[in-house]
Amino acid sequence: MITMSSMRSHKLVLFFAISCLLLHEKCTDASVCKESERKALLEFQHSLQALGVSGNDAFFWISEECCLWRGVYCNSFTGYVEMLDFSDQPLVVAGTISPSLLKLHHLTSLNFSSNDFNGSLIPEFFASLKKLKLLDLSNANFRGPIPSLLGNLSMLETLRLGGNGRVFNVGKLEWLSHLSRLKELDLSFTNLSNANDWSQVISHLPLLQKLSLRHCGLPSISSSSLSLANSSTSLTYLDLSDNNLPSSAIYPWLFNVSSNLVSLDLSSNQLKGPIPEAFGNMKAIQELYLNDNLLVLAENQVRGDSGLNEIGKLPDFRVLDLGYNLLNGSISKSIGQLSNLRVLRLPGNSFGGDVISEAHFSNFTNLQVLDLSYTSLTLRFNSGWIPSFQLSQLLLCSCKLGPRFPDWLRTQMDVLNPDVEISSIDYLDISASGISDSLPYWFWDKFQELSYINMSFNQISGTFPNNSIHIIHLDLSSNNFSGPLPRFSLDYNMGTINLSKNKFTGSVSPICNFTGAVYLTLFDLSNNLFSGVVPDCFGSFPFLTALNLGDNSFSGSLPSSLGSLVSLEMLSLRGNKFSGVLPSSLQNCAKLKFLDLSDNELSGEIPMWIGQKLSSLVFLSLQGNQFRGRIPHQLCGLKYLQILDLSVNKISGTIPPCLNNFTSMAKKVSLDRRIEHHILDTGPRFLSLEGVYGEPIWIIQVRYVDEALLTWKGTKQSYPQLGLLLAIDLSCNKLTGEIPEELSSLQELVVLNLSRNLFDGKILQKIGHIRQLEVLDLSRNKFSGNIPTSLSELTFLSNLNLSYNDLSGKIPTSTQLQSFDPSSFSHNRGLCGPPISPNCSMVEPPPGKPTVGSEEDCDEFMKWFYTGMGLGFAVGLWGFCSVVFFKRSWRHSYYRYLDSAKDWVYVSFVLLKTRLVRRIKGLSTRSD
3 MITMSSMRSH
13 KLVLFFAISC
23 LLLHEKCTDA
33 SVCKESERKA
43 LLEFQHSLQA
53 LGVSGNDAFF
63 WISEECCLWR
73 GVYCNSFTGY
83 VEMLDFSDQP
93 LVVAGTISPS
103 LLKLHHLTSL
113 NFSSNDFNGS
123 LIPEFFASLK
133 KLKLLDLSNA
143 NFRGPIPSLL
153 GNLSMLETLR
163 LGGNGRVFNV
173 GKLEWLSHLS
183 RLKELDLSFT
193 NLSNANDWSQ
203 VISHLPLLQK
213 LSLRHCGLPS
223 ISSSSLSLAN
233 SSTSLTYLDL
243 SDNNLPSSAI
253 YPWLFNVSSN
263 LVSLDLSSNQ
273 LKGPIPEAFG
283 NMKAIQELYL
293 NDNLLVLAEN
303 QVRGDSGLNE
313 IGKLPDFRVL
323 DLGYNLLNGS
333 ISKSIGQLSN
343 LRVLRLPGNS
353 FGGDVISEAH
363 FSNFTNLQVL
373 DLSYTSLTLR
383 FNSGWIPSFQ
393 LSQLLLCSCK
403 LGPRFPDWLR
413 TQMDVLNPDV
423 EISSIDYLDI
433 SASGISDSLP
443 YWFWDKFQEL
453 SYINMSFNQI
463 SGTFPNNSIH
473 IIHLDLSSNN
483 FSGPLPRFSL
493 DYNMGTINLS
503 KNKFTGSVSP
513 ICNFTGAVYL
523 TLFDLSNNLF
533 SGVVPDCFGS
543 FPFLTALNLG
553 DNSFSGSLPS
563 SLGSLVSLEM
573 LSLRGNKFSG
583 VLPSSLQNCA
593 KLKFLDLSDN
603 ELSGEIPMWI
613 GQKLSSLVFL
623 SLQGNQFRGR
633 IPHQLCGLKY
643 LQILDLSVNK
653 ISGTIPPCLN
663 NFTSMAKKVS
673 LDRRIEHHIL
683 DTGPRFLSLE
693 GVYGEPIWII
703 QVRYVDEALL
713 TWKGTKQSYP
723 QLGLLLAIDL
733 SCNKLTGEIP
743 EELSSLQELV
753 VLNLSRNLFD
763 GKILQKIGHI
773 RQLEVLDLSR
783 NKFSGNIPTS
793 LSELTFLSNL
803 NLSYNDLSGK
813 IPTSTQLQSF
823 DPSSFSHNRG
833 LCGPPISPNC
843 SMVEPPPGKP
853 TVGSEEDCDE
863 FMKWFYTGMG
873 LGFAVGLWGF
883 CSVVFFKRSW
893 RHSYYRYLDS
903 AKDWVYVSFV
913 LLKTRLVRRI
923 KGLSTRSD
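Whatever position you read off the sequence shown (first residue = 1), add 2 for this note's numbering.
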């Protein structure tokens, strides 16, 4: 029996067949690329360059069928190009965009997101693509003004221009009000500081659902614009974060603009005072981000009577982020009423000393992310506690977990909740949490699949298992781990490994067997007990940006494969026993900013290529080696250099006068206060509100600071604030000559140490022009003449040493110089005046006599020297004679010794005489 529905379907098939017979050409050519559009696409291609991961041209538009080209999507019936999408492709599109796109008359979607147009202007001809429904230019490195003509795209539903930091809007946003069909708008990181009408325009977009205006410099909302704002019922996602908006400006507009908000982000603004109860009236709210503000908890909110408690009653509330506010006091156990929470973030608040127990978490059955970092909270759970939640991310940095290792973490791998998309913990940070315990036997078995582990700054002991460790980011620094270096296996992500300041031993040859070594970006094995020769296999680490092998016992020459680390920005090999010359391959590391080879046994001359090829250097230390020869003048090419340490070597010659080319020391410029490395990585993704996987649950940002080890004010210490310390240390060498005049132009220099060399002549007269100088050490040289009066102008000078020179005259008068200890000027016999003497009349030499090294001084010294020597000889002789005279056994032994010595001298003389006679006779016989 044929049903009514089947009859209808047969009729549709018959109708389509008849249509194809009547319009044969269109049916057969539907999937074929239109020739006019193919030519337009080829013209568009010629203006662009698509680069693959290898950096080579990666366009593959070769075939005749343009509908099969990468990024091109055609209508399956008509064959017209409707969408161009170059986002999330294994290539990066660059260059300029050709107006030939105007020939694609049916184009409805244009997506250039996450590409690089090298600061090109946003093309105005986009406004002529009348059928566009989606225009996505986000994160594509555009610059310049937003074309107001985009307001002509009346069909537009999605407009994304965010992530282009150099894009700005000229004047008002009135052009946006013409886009009446707009559902999604992203202008994040564009400059809207002059758009005083932004709140009014947004309120008049009736279909707008998603709005992102993060970091736009939004002006405050005036009361007049508030009165014009209509209440919108369509807006569900609102991001106004990082705009420094005050509470008075944002709250009235916010609570008026929409009652259907699902996600609200007001983080990094200037919100002050208690959390408004009006948030509880947003019945649809699921995600609330209020972190990085100045919010406090009112007394009733601390007790859990209001505010947060009202929000907690909302049935679908999932995300609460109150991190880095001014919250203090105690956390009420009623927080457990937020039973639907998936994300709870309270880091950076002052809950000092408060104790968290399992009672606080009793109802958190859906919790996936817990962040209580930097709150000083004490977490105290019963030994057998099994949490009801299954975490994917746990951050408890600086909380008090110890001294025992928290055993309940084991349950986070055992519990599988079918209602939770993520079945096991993936991100673990329990650094600086007071744990003094051995790592449990189950840890590496349970947590093999973690992406991120940070257990640094504890006192955890233990060894690695024999099998390979699968990890992406691992930080075990500042603990008591021991044993050999394990084999690591890195995933297809940028990985980091920090094992510094532990007790690991043995060879580091396992690094040659790392799986996925190509993805390693940061590797720190410093301050351990490793030894032996470093293997020559660094060619396997092309993306490594920081390598620290310092303070171990490595020996041998430096591996030449270090030169293959073309991405390297930081290299520290200090405190080892490396020997030989610097491998010339190091000049390939052109991105190096930080190079520390101090305290080794390296030799040879300082290579010229350091100044020629490593022009990005900010820190250079060759201290404590065996380098010889002159300071190459090519070093003057390091214009970004902030610290130069060549001390304790065998360098000779003079100081190159071109050191004034060190721009960072000569001019007041914006300096890198730290040399930091930020490695970004994304974790798994949440199931979004629309039921698809959206934004990542977390973004890993591994931060690594290069710390300089310097002799600072007489002691060697770690110094991470590089930009605050501009230093030149050439001490303990064999340098000669005078200080070059050009050195006085380094006005921003903070430390100058030229001590223990062979410098002579006068101290630089204009040394007072180095205004920022705090430390000056010229001791143990051969400087002569007066101390320059300009030295008294150095108001920041806190450490001065001019001792052991040939300086003379009166010490210049100033509050600064007279405050130093007399030892700062000692062993300069011609100096006088405070602080070494009350005045100069007491020590003034007679007229006409030299003031430095006079003969009278020398005679006086020699007189006392010979007097003391004679007295010492007499006392010694009398002591010896007394012993020999009064002690018979010693006297007899002494006489026997004299007899033996006499016999030895006699026999030696006779033998020598006999040899000489024979030699003379032999010579006379030959001459005959």
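In this text, a Cβ means the ideal position worked out from N, Cα and C, and glycines have one as well.
Legend entry - Assigned secondary structure, residue 852 (DSSP; H/G/I helix, E/B strand, else coil): With a pLDDT of only 35 at residue 852, under 50, the local geometry of the prediction cannot be trusted, and the value read off the model is given with reservation. DSSP, read as helix, strand or coil, puts residue 852 in coil.
Legend entry - Under 7 Å between C-beta atoms of residue 250 and residue 270: In this structure, the beta-carbon distance from residue 250 to residue 270 does not fall below 7 Å.
Inset, instruction - Answer with buried or exposed for residue 37, where buried requires no fewer than 16 other C-beta atoms within 10 angstroms of its C-beta. - result: Around the beta carbon of residue 37, fewer than 16 other beta carbons lie within 10 angstroms, which makes this residue exposed.
Inset, instruction - Reducing DSSP to helix, strand and coil, say where residue 643 ends up. - result: Residue state, collapsed to three classes: coil.
Legend entry - First and last residue of the uninterrupted beta strand (DSSP E) at residue 472: For residue 472, the uninterrupted beta strand (DSSP E) run begins and ends at 471-473, by DSSP.
Inset, instruction - Go ahead and label residue 835 buried or exposed: buried means 16 or more other beta carbons lie within 10 angstroms of its beta carbon, across all protein chains shown. - result: By the 10 Å Cβ count, residue 835 comes out buried.
Inset, instruction - Using three-state DSSP, classify residue 443 as helix, strand or coil. - result: Under the three-state reduction of DSSP, residue 443 is assigned to coil, being neither helix nor strand.
Legend entry - Option nearest residue 654 by Cα separation, candidates 485, 639, 633, 662: Ranking the options by Cα distance to residue 654, first place goes to 633.
Legend entry - residue 651 versus 614, 731, 638, residue with shortest Cα-Cα distance: Ranking the options by Cα distance to residue 651, first place goes to 731.
Inset, instruction - Compute the distance between the beta-carbons of residue 499 and residue 525, then report whether it is under 7 Å. - result: It is a contact, given that the beta carbons lie within the stated cut-off.
Inset, instruction - Give the single residue among 79, 78, 107, 127 whose Cα lies nearest to the Cα of residue 101. - result: Of the residues 79, 78, 107, 127, the one whose Cα lies closest to the Cα of residue 101 is 127.
Inset, instruction - Taking only beta-carbon positions, decide if residue 348 is within less than 7 Å of chain C. - result: Note that chain C does not occur in the displayed structure, where there is just one protein chain.
Legend entry - Per-residue DSSP class, three states only, for residue 455: Three-state DSSP puts residue 455 in a strand.
Inset, instruction - Take the Cβ of residue 176 as the centre, count every other Cβ of all protein chains shown within 10 Å, and call the residue buried at 16 or more, exposed below. - result: Result: exposed.
Inset, instruction - Could you tell me the distance, in whole angstroms, from the CA atom of residue 744 to the CA atom of residue 638? - result: Taking the CA atoms as reference points, residue 744 sits about 12 Å from residue 638.
Legend entry - Endpoints, alpha helix (DSSP H) assigned at residue 253: Residues 249-259.
Inset, instruction - Give me the Cα-Cα distance between residue 364 and residue 252, rounded to the nearest whole angstrom. - result: Cα-Cα distance, rounded: 35 Å.
Inset, instruction - List the DSSP bridge partners of residue 834. - result: DSSP output for residue 834 lists 812 as bridge partner(s).
Inset, instruction - Confirm, please, whether the CB-CB distance from residue 504 to residue 481 is below 7 Å. - result: Taking 7 Å as the cut-off, the beta carbon of residue 481 is found closer than this to the beta carbon of residue 504.
Legend entry - Identity of the residue in 266, 258, 646, 117 nearest residue 752 by Cα: Of 266, 258, 646, 117, the residue nearest in Cα terms is 646.
Inset, instruction - Determine, using beta carbons only, whether residue 594 and residue 616 come nearer to each other than 7 Å. - result: In this structure, residue 616 lies closer than 7 Å to residue 594 by Cβ.
Inset, instruction - For residue 169, count neighbouring Cβ atoms within 10 angstroms of its own Cβ and tell me buried if that reaches 16, exposed if not. - result: Around the Cβ of residue 169, a 10 Å sphere holds 16 or more other Cβ atoms; the residue is buried.
Inset, instruction - Return the residue from the list 436, 583, 443, 437 that minimises the CA-CA distance to residue 412. - result: Ranking the options by Cα distance to residue 412, first place goes to 443.
Legend entry - Proximity winner among 287, 318, 600, 377, relative to residue 369 (alpha-carbon distances): Out of 287, 318, 600, 377, 318 has the C-alpha closest to the C-alpha of residue 369.
Inset, instruction - Within its chain, find whatever has a CB closer than 6 Å to the CB of residue 114; leave out the 5 residues flanking it on each side and keep chain order. - result: Cβ neighbours of residue 114 within its own chain (closer than 6 Å, five residues either side excluded): 88, 139, 142.
Legend entry - Which of helix, strand or coil DSSP assigns to residue 935: Residue 935 cannot be examined here, being either before or after the span of the chain that is shown, 3 to 930.
Inset, instruction - Grab the span of the alpha helix (DSSP H) containing residue 1007 for me, first residue to last. - result: Outside the displayed span of the chain (3 to 930) sits residue 1007, for which this structure offers no information.
Legend entry - Coarse secondary structure for residue 1, derived from DSSP in three states: Residue coverage of the chain in this structure runs from 3 to 930, which leaves residue 1 outside it and unanswerable.
Legend entry - Separation of residue 786 from residue 826, as counted between CA atoms: Just so you know, the alpha carbons of residue 826 and residue 786 end up roughly 15 Å apart.
Inset, instruction - Report back the beta-carbon spacing between residue 436 and residue 404 to the nearest angstrom; my notes put them in contact at under 8 Å. - result: With a Cβ gap of about 4 Å, residue 436 and residue 404 count as contacting.
Inset, instruction - List the residues that DSSP assigns as beta-bridge partners of residue 603. - result: Partner(s): 581.
Legend entry - Between the CA atoms of residue 805 and residue 144 - distance to the nearest angstrom: Rounded to whole angstroms, the separation of the alpha carbons of residue 805 and residue 144 is 60 Å.
Inset, instruction - Give the straight-line distance between the Cα atoms of residue 794 and residue 780, rounded to the nearest whole angstrom. - result: Residue 794 and residue 780 have their alpha carbons spaced roughly 16 Å apart.
Legend entry - Alpha-carbon to alpha-carbon, residue 287 and residue 374: C-alpha separation (whole angstroms): 23 Å.
Legend entry - Beta carbon of residue 198 nearer than 7 Å to that of residue 221: Residue 221 sits close to residue 198, with the two beta carbons spaced by under 7 Å.
Inset, instruction - Pull up the distance between the alpha-carbon of residue 838 and that of residue 808, whole angstroms please. - result: Counting only the Cα atoms, residue 808 lies some 15 Å from residue 838.
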